[in-house]
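Asker: Letter 854 of the sequence shown, counting from 1, is numbered 856 in this note's numbering, and no numbers are missing.
We put the beta carbon where it would ideally sit given N, CA and C, even for glycine.
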Amino acid sequence: MTNPSDSTAHRYTPELAAEIEKSWQSYWEEHGTFHAPNPVGALATDKPLPEDKLFVQDMFPYPSGAGLHVGHPLGYIATDVFARYNRMLGKNVLHTLGYDAFGLPAEQYAIQTGTHPRTTTMANIENMRHQLSILGLGHDARRSVATTDTEFYKWTQWIFLQIYNAWFDEEQQKARPVSELIEELESGQRQTKAGEDYATLSEEQKRAAVDEFRLVYLSNSTVNWCPGLGTVLANEEVTAEGKSERGNFPVFRKNLSQWMMRITAYTDRLLDDLELLDWPEKVKSMQRNWIGRSRGAEVTFTAEGHEIEVFTTRPDTLFGAEYVVLAPEHELVDALVSPVTYDADVDSRWTYGNDNPADAVEAYRADIAAKSDLERQENKEKTGVFLGTYAVNPVSGKRVPIFIADYVLTGYGTGAIMAVPAHDTRDYEFATEFGLPITEVVSGGDVTQEAYTEDGVLVNSANDEGLDLNGKNKAEAIAATIEWLAENGKGREKVQFKLRDWLFARQRYWGEPFPIVYDENGQAHALPESMLPIELPEVEDYKPVSFDPEDASSEPQPPLAKAREWVEVELDLGDGLKKYTRDTNVMPQWAGSSYYQLRYIDPVNDDKLVDLENERYWTGPRPERGGEKDPGGVDLYVGGVEHAVLHLLYSRFWHKVLYDLGHVTSKEPYYRLFNQGYIQAYAYTDSRGVYVPAAEVEEKDGKFYYNGEEVNQEYGKMGKSLKNAVAPDEICRDFGADTLRVYEMAMGPLDTSRPWATKDVVGAQRFLQRLWRLVIDETSGELACTDAELTKEDLQQLHRTIAGVRDDYASLRDNTVVAKLIEYVNYVTRTYGGAQGKGAPRAAVEPLAIMVSPVAPHIAEELWKRLGHEETITFESFPTFDEKYLVDDEIEIPVQINGKVKARVNVATDAEQDAVIAAALADEKIAAITEGKDIIKKIYVPGRMVNLVVKG
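1) For the alpha helix (DSSP H) containing methionine 90, list its first residue and its last residue.
2) So what's isoleucine 165 in DSSP terms, helix, strand or just coil?
3) Counting Cβ pairs, one atom from each stretch, are 3 or more of them under 8 Å apart for the region 351 to 369 and the region 454 to 473?
4) For alanine 177, count neighbouring Cβ atoms within 10 angstroms of its own Cβ and tell me buried if that reaches 16, exposed if not.
5) When the Cα atoms are used, what is the spatial distance from leucine 797 to threonine 874?
6) Rounded to whole angstroms, what's the CA-CA distance from aspartate 82 to glutamate 198? Just pull it up for me.
7) So, with DSSP's three-state summary, where would you put methionine 3?
8) State the start and end residues of the unbroken beta strand (DSSP E) segment that holds glutamine 715.
9) Whose C-alpha, out of Leu800, Arg946 and Tyr684, is nearest the C-alpha of valine 694?
10) By Cβ distance below 7 Å, which residues in the same chain neighbour alanine 593 in space, the five residues on each side in sequence not counted?
11) So, tyrosine 582 versus tyrosine 520, is the Cβ gap smaller than 8 Å?
12) Can you name, in chain order, every residue of its own chain whose Cβ lies under 6 Å from the Cβ of phenylalanine 215, other than the five neighbours on each side?
13) Sorted by chain position, which residues of the same chain lie with C-beta nearer than 8 Å to asparagine 462's C-beta, five sequence neighbours on each side aside?
14) Just the C-alpha distance for histidine 12 and alanine 148, rounded to the nearest angstrom, thanks.
15) Determine the closest residue to proline 517 out of Lys564, Asp466 and Asp585, with distance taken between C-alpha atoms.
16) For proline 695, which of helix, strand or coil comes out of DSSP?
17) Between glycine 934 and the ligand SAM, is the CB less than 7 Å from at least one heavy atom?
18) Terminal residues of the continuous alpha helix (DSSP H) containing isoleucine 603?
19) In three-state DSSP terms, what is proline 590?
20) Taking only the alpha-carbon atoms, compute the straight-line gap between glutamine 682 and tryptophan 352 and give it to the nearest angstrom.
21) Please give me, in chain order, every unbroken run of the beta strand (DSSP E) with length at least 3 that falls completely inside the region 178 to 228.
22) Determine contact between the region 41 to 59 and the region 606 to 616, defined as no fewer than three beta-carbon pairs at a distance below 8 Å.
23) Decide if arginine 510 is buried, meaning its Cβ has at least 16 other Cβ atoms within 10 Å, or exposed.
24) What would DSSP say about serine 28, mapped onto helix, strand or coil?
25) Quick check: the Cα distance between proline 52 and asparagine 88, rounded to an integer number of angstroms?
26) Less than 8 Å separating the beta-carbons of valine 819 and arginine 772?
27) Are three or more beta carbon pairs between the region 882 to 897 and the region 800 to 818 nearer than 8 Å?
28) Within 10 angstroms of the Cβ of threonine 314, are there 16 or more other Cβ atoms? Answer buried if so, exposed if not.
29) Determine the burial state of asparagine 291: buried for a count of at least 16 other Cβ atoms within 10 Å of its Cβ, exposed for fewer.
30) Grab me the residues of isoleucine 919's own chain with a C-beta within less than 7 Å of its C-beta, minus the 5 sequence neighbours each way, in chain order.
31) Can you tell me whether phenylalanine 154 is helix, strand or coil according to DSSP?
32) Could you name each continuous beta strand (DSSP E) segment of 3 residues or more that falls completely within the region 852 to 916, going from the start of the chain to the end?
33) Tell me whether the beta-carbon of serine 223 lies closer than 8 Å to the beta-carbon of methionine 263.
34) From what residue to what residue does the beta strand (DSSP E) around isoleucine 931 run?
35) Please list, in chain order, all residues of the same chain as glycine 399 whose beta carbon is under 8 Å from its beta carbon, the five residues on each side excluded.
36) What do you reckon, are the CB atoms on histidine 860 and glycine 140 nearer than 8 Å?
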């Protein structure tokens, strides 16, 4: 109970804040305040839609069992502020939040406890929803989705089928339905990849020929096999040390049959369309580097009746190619390795301690199996094995030895290189280690000491077959070499990409099942859309079969393989009831996050992924935004830079396929991207290196103590394991949600990281308390403002604040928004509060409440209501400013005497020279200094200064 005689009985306290916040959150939920209507469908409205609209999206969060700390909501609050501001500009704003809920942690917990991953996942989602709900985020809850919902992953499976049943037409540079491909093959308009006449093939051969075109295909490819986890891992799940990111188990390179997506078909479009996007240049550069487009030549070396295709960006250096290196996993290794023992004169460094090349290859492969791609590329110690056979250099005719070495990868180029040790650092290191020849073909350096990698003039580069590069520069020599190779059938011009096709399968339980079955011959069949969703079966054991972590020869056995009743099915796929087996792999976690913005648009549409009219309305091309080439997409996408490549690249690929097939009107999923920084924190370790609770550490004389023992301070991420996490629930309880929102937005620019300090939160609370006092009498709880008119100075302060705040909100500069609002509140408080006791004019505080509303919505709603308004403040028009109040009536002019400033005078901004000089001379300080002296010159630099030259 509050004491009526208490002068602060109605102060804005954490208790009052909690009451206000709970009340307004209930109001928003009951009234559907943040429901954004669609043009058509279940979420449509009878009312006319606003002409302008905005789609704001946060990157898909994973619902962790550890819950949120105060660093997590930073981006969510910022997007909420932006969305609320734009609603006040009259826009129809779509803003919601879903959950990327298929994940390894829930599955690992299921393995350990037997708890179904869905049980854990749903509990985590509910906890996260609760934590977020207290922040007052203006989300349209009707649109929230979770990737684990069957009604959501039905569409993940549906998109898989669209991609599986599509092929990429290189001539049209777009995806087309496989049915159109088959028509072209049957009519003879198109031949198979192998150049065969489709009509002459058997049914089995026809299926295989069509499969070679599909955007989804099965490939016996090299993957990261982790026996300790019992699953294949994506490259991003493997550390630089060649261990699994989770569990730190050894990872081996192994050939397995896996689903792949042909993302490489879209390399040019993925690169070129970056220019259409409003993204940070850093992110664009990261995508360009990941895709890695390079121009050069594909050169054919012949060896033992086989052709070795080599891609090089420097075909001009072919005369310096002294050996060929294949990746150890290259398909030609076993065909090219010599079946007989090494010749007696072979350098012992080439044999890997073996007498027989086949034994050397086997031993070498076993030794490098656990190395990651990164480790193989960065390894300074060059190792390799001579296959006992030779290839023919196509320009010189010279026989050169063939090696395998771990610094060559199957994932880039052709998995084979021509080694030019004189002009490539890695080749030079290998040649030096193995005693191989080094021939200079580009003049400019001493190749006996190191590789010369700069440009220069070609030397030692001519043959008797019409190719003479001597004396040419790099560009001339490359052009001449490519022309000669093409004319002589020994190579061709080629554009190569570093990007590899997307490995799209995991040997896990907790993921989306594939809508694929296999017949008795092992032939894959896509299921019809009518059978979707293919739901996960219940299983007794969630473990993939794991093996000895060091057993590289083991084979994956996914958990779904144990559900035999689910795996073995009888289906009628159009040719009668037959027995099939389901695919027992599941899709990677990236799948659901590759298109979720489309389900945000139409989340309850059971008939379509997204209605085209709704998609066009929210994400269709908008020339008024990006010009005639505007690609469409979400207006603002906010999240961490750690997703700069993989998630964004996969999303762009899926979206482009859907665009090609006519399922969306936008070419890109996300038009504008903003990378937020992070809230970090100090952590403390004791003498054992063990983390201690940061909240219980005391600082004394620049040192830090926990329970009397000095501890070490470190700065970095916030997290449960570091014992420095601060839960948003605690801050909201102790200060209020609006205080937390204001503090996080005020900490610094959104795109930079900043340290958390709970002791500083009180500053945001005091600002809101001053704001409250401008409207509410703390003693009586009555309205404290008056109907007084604003003075000229009031109007100037108000309109300058409006102008600055509008610009900052639009540009996501919420830290300077808060600074300007604090400055304005302080001005009004000085002028009308405190000892003045006048009461602030309503005309000064009503626009203030609206300006505060995006960043502190609960207190703004309460003040708005108490000011006598019946409707929510959410849709009030944001205040506008009058230019005349942004210009000063007077300016301050420094007055110099003989070049030194002696005084300053205020004059009208449009004052003429004579008036300014007269004001300067009339100043008391200037008059005293110039009394009895001669003023030789009177100089006025308009708007800048007055300079008086005085003698005597």
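Answerer: Put simply:
1) Residue numbering aside, residue 90 sits at position 88 when the sequence shown is read from its first letter. Element bounds for methionine 90: 75 to 90.
2) Against the sequence shown, residue 165 aligns to sequence position 163. Note: isoleucine 165 maps to helix in three-state DSSP.
3) no
4) Sequence index remark: in the sequence shown, residue 177 carries index 175 (1-based). So alanine 177 ends up on the buried side.
5) Taking the first residue of the sequence shown as position 1, residue 797 is located at position 795. Taking the first residue of the sequence shown as position 1, residue 874 is located at position 872. Near 26 Å, if we compare the C-alpha coordinates of threonine 874 and leucine 797.
6) Within the sequence shown, residue 82 is the residue found at index 80, counting from 1. Within the sequence shown, residue 198 is the residue found at index 196, counting from 1. Spanning the two alpha carbons is a distance of roughly 58 Å.
7) Within the sequence shown, numbered from 1, the residue matching residue 3 stands at position 1. Any reading at methionine 3 must be qualified, since the residue scores a pLDDT of 40, below 50, and its modelled position is unreliable; no value is offered.
8) One-based indexing of the sequence shown puts residue 715 at position 713. Unbroken beta strand (DSSP E) run through glutamine 715: 711 to 718.
9) Sequence index remark: in the sequence shown, residue 694 carries index 692 (1-based). Nearest of Leu800, Arg946 and Tyr684 to valine 694, Cα basis: Tyr684.
10) Locating residue 593 in the sequence shown gives position 591, counting from the first residue. Closer than 7 Å at the Cβ level, and outside the excluded window around alanine 593, lie Thr158 and Glu514.
11) One-based indexing of the sequence shown puts residue 582 at position 580. One-based indexing of the sequence shown puts residue 520 at position 518. The answer is yes: Cβ separation under 8 Å.
12) Residue mapping note: residue 215 aligns to position 213 of the sequence shown, counting from 1. So the list reads Trp169 and Leu183, once near-sequence residues are dropped.
13) For the purposes of this step, residue 462 is taken as the residue at position 460 of the sequence shown. So the qualifying residues of the chain are Phe321, Gly322, Thr441, Glu442, Val443 and Asn472.
14) By one-based count along the sequence shown, residue 12 stands at place 10. By one-based count along the sequence shown, residue 148 stands at place 146. One C-alpha to the other measures close to 42 Å.
15) As a first step, residue 517 is located in the sequence shown; it is residue number 515 there, counting from the start. It is Asp585 whose Cα lies nearest to the Cα of proline 517.
16) Walking along the sequence shown from the start, residue 695 turns up at place 693. Coil, per DSSP.
17) As for the ligand SAM, it is missing from this structure, which has no ligand bound.
18) Here residue 603 refers to the residue found at position 601 when the sequence shown is read from its first residue. Segment 598 to 603, the alpha helix (DSSP H) holding isoleucine 603.
19) Looking up residue 590 in the sequence shown gives position 588. Of the three classes helix, strand and coil, the one that applies to proline 590 here is coil, per DSSP.
20) To locate residue 682, count along the sequence shown from 1; it is residue 680. To locate residue 352, count along the sequence shown from 1; it is residue 350. Their Cα atoms are separated by approximately 52 Å.
21) 218 to 228
22) yes
23) As a position in the sequence shown, residue 510 is number 508, starting the count at 1. Arginine 510 should be labelled buried.
24) Residue mapping note: residue 28 aligns to position 26 of the sequence shown, counting from 1. Serine 28 falls in the helix class under three-state DSSP.
25) Taking the sequence shown and counting its residues from 1, one reaches residue 52 at position 50. Taking the sequence shown and counting its residues from 1, one reaches residue 88 at position 86. Computed Cα separation, rounded: 12 Å.
26) Here the question's residue 819 lines up with position 817 in the sequence shown. Here the question's residue 772 lines up with position 770 in the sequence shown. Not closer than 8 Å, so no.
27) yes
28) Counted from its first residue, the sequence shown places residue 314 at position 312. Threonine 314 comes out buried.
29) Residue 291 sits at position 289 when you count from the first residue of the sequence shown. Exposed.
30) Along the sequence shown, read from residue 1 onward, the residue named residue 919 stands at position 917. Lys940, Tyr942 and Val948, listed in sequence order.
31) Your numbering for residue 154 matches position 152 in the sequence shown. Helix.
32) 892 to 899 and 902 to 910
33) Mapped onto the sequence shown, residue 223 falls at position 221. Mapped onto the sequence shown, residue 263 falls at position 261. No, the Cβ-Cβ distance between serine 223 and methionine 263 is not below 8 Å.
34) On the sequence shown, position 929 is the one that residue 931 refers to. Not the beta strand (DSSP E): isoleucine 931 falls in the alpha helix (DSSP H), residues 926 to 932.
35) Along the sequence shown, read from residue 1 onward, the residue named residue 399 stands at position 397. Cβ within range, chain order: Asn465.
36) Walking along the sequence shown from the start, residue 860 turns up at place 858. Walking along the sequence shown from the start, residue 140 turns up at place 138. No, the Cβ-Cβ distance between histidine 860 and glycine 140 is not below 8 Å.
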